[in-house]
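Asks: Going by my numbering, the final residue of the sequence shown carries number 431, and the count climbs one at a time with no gaps. Note that beta-carbon positions come from the ideal geometry of N, C-alpha and C, so glycine has one too.
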Amino acid sequence: MSESHFWLSEAQFARLQPLLPNKPRGVPRVDDRRVISGIVHVLRTGCRWADAPAVYGPRKTLYNRYVRWAKAGVWAEVFRALADSGGPPAELLLDSRSRGGRTTKIHVATDELGRPRAVILTPGQRGDSPVALALVGALPPPRRLIADAAYDSDGLRRFLSERGTEPVVPNNPTRKRKHAFDAAAYRARNAIERTFCRLKDWRRIATRYDRLAATFEAAVLIGAIVCYWL
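(1) What distance in whole Å lies between the Cβ atoms of Tyr429 and Arg316, which are believed to be in contact at a cut-off of 8 Å?
(2) Who are the Cβ neighbours of Ala271 in its own chain at under 8 Å, not counting the five residues just before and after it?
(3) Could you check the C-alpha separation between Leu220 and Ser238 for me, to the nearest Å?
(4) Tell me whether Val256 is buried or exposed, calling it buried when 16 or more other Cβ atoms sit within 10 Å of its Cβ.
(5) Kindly give me the distance between the Cβ atoms of Arg345 and Val369, rounded to whole angstroms, as I take these residues to be in contact under 8 Å.
(6) What is the DSSP secondary structure of His242, reduced to helix, strand or coil?
(7) With the cut-off set at 9 Å, would you say Pro342 and Thr366 are in Cβ contact?
(8) Considering only residues of the same chain and omitting the five flanking positions on each side of Leu361, which have a CB-CB separation below 7 Å?
(9) Quick one: what does DSSP say Leu220 is sitting in, helix, strand or coil?
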């Protein structure tokens, strides 16, 4: 095995295996550890599926498994199960990045350790603040929410107040009535910036190659799973 090839460790696969779909009866499914390792290799290196190393098995199997499980929501279910295993976050950090020539925006909520807890993809022109309600609403209320001024809206602040969450969000320059802002607590926001930097190392996340939103979302979720939850 080449050192440049990615392989899930036994410990990583042991954590992942119970969350995978049951193998169907009939034709045996190609080894999950081998196939998922191959999928990760393609997503990280950005190589074409047809150029995936032969050590991972049939290239068509890698691609078909990746797409089929993306459309079926398998990768999303695995991500949610692993993220939920981290327990309720004390803090949530929000941010977004545009990909694919700014046609797609990745919205992410992480905990205070920078571990992704929720991921939403939208068209690139979508504002951050409206999506924040969906990101935060899908998770247990944290003690504190940290985000930049793009998330400064009355609606989000009201929603956070109702849930007992302190907003650590800079005031938008256009805001007339200023809110209190904890600049010291805001410095923790660099954790989510590091998260995006780490995901950017995966070439199929840094540059959107997938035409389907479901498969590009799967790439982001798999990146989050491997980098933070296995």
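Replies: In short:
(1) Translated into the one-based positions of the sequence shown, residue 316 becomes position 115. Translated into the one-based positions of the sequence shown, residue 429 becomes position 228. The Cβ separation is near 4 Å, so the contact holds.
(2) Taking the first residue of the sequence shown as 1, we reach residue 271 at position 70. So the qualifying residues of the chain are Leu413, Ala415, Thr416, Glu418, Ala419.
(3) Locating residue 220 in the sequence shown gives position 19, counting from the first residue. Locating residue 238 in the sequence shown gives position 37, counting from the first residue. Those two C-alpha atoms are separated by around 16 Å.
(4) Taking the first residue of the sequence shown as 1, we reach residue 256 at position 55. Exposed is the call here.
(5) Sequence index remark: in the sequence shown, residue 345 carries index 144 (1-based). Sequence index remark: in the sequence shown, residue 369 carries index 168 (1-based). Between Val369 and Arg345 the Cβ distance is about 6 Å, and since that is below 8 Å, they are a contact.
(6) Indexing the sequence shown from 1 puts residue 242 at position 41. Residue state, collapsed to three classes: helix.
(7) As a position in the sequence shown, residue 342 is number 141, starting the count at 1. As a position in the sequence shown, residue 366 is number 165, starting the count at 1. Yes, these two residues count as a Cβ contact at 9 Å.
(8) On the sequence shown, position 160 is the one that residue 361 refers to. Cβ within range, chain order: Leu346, Pro368.
(9) Position 19 of the sequence shown holds residue 220. It is helical.
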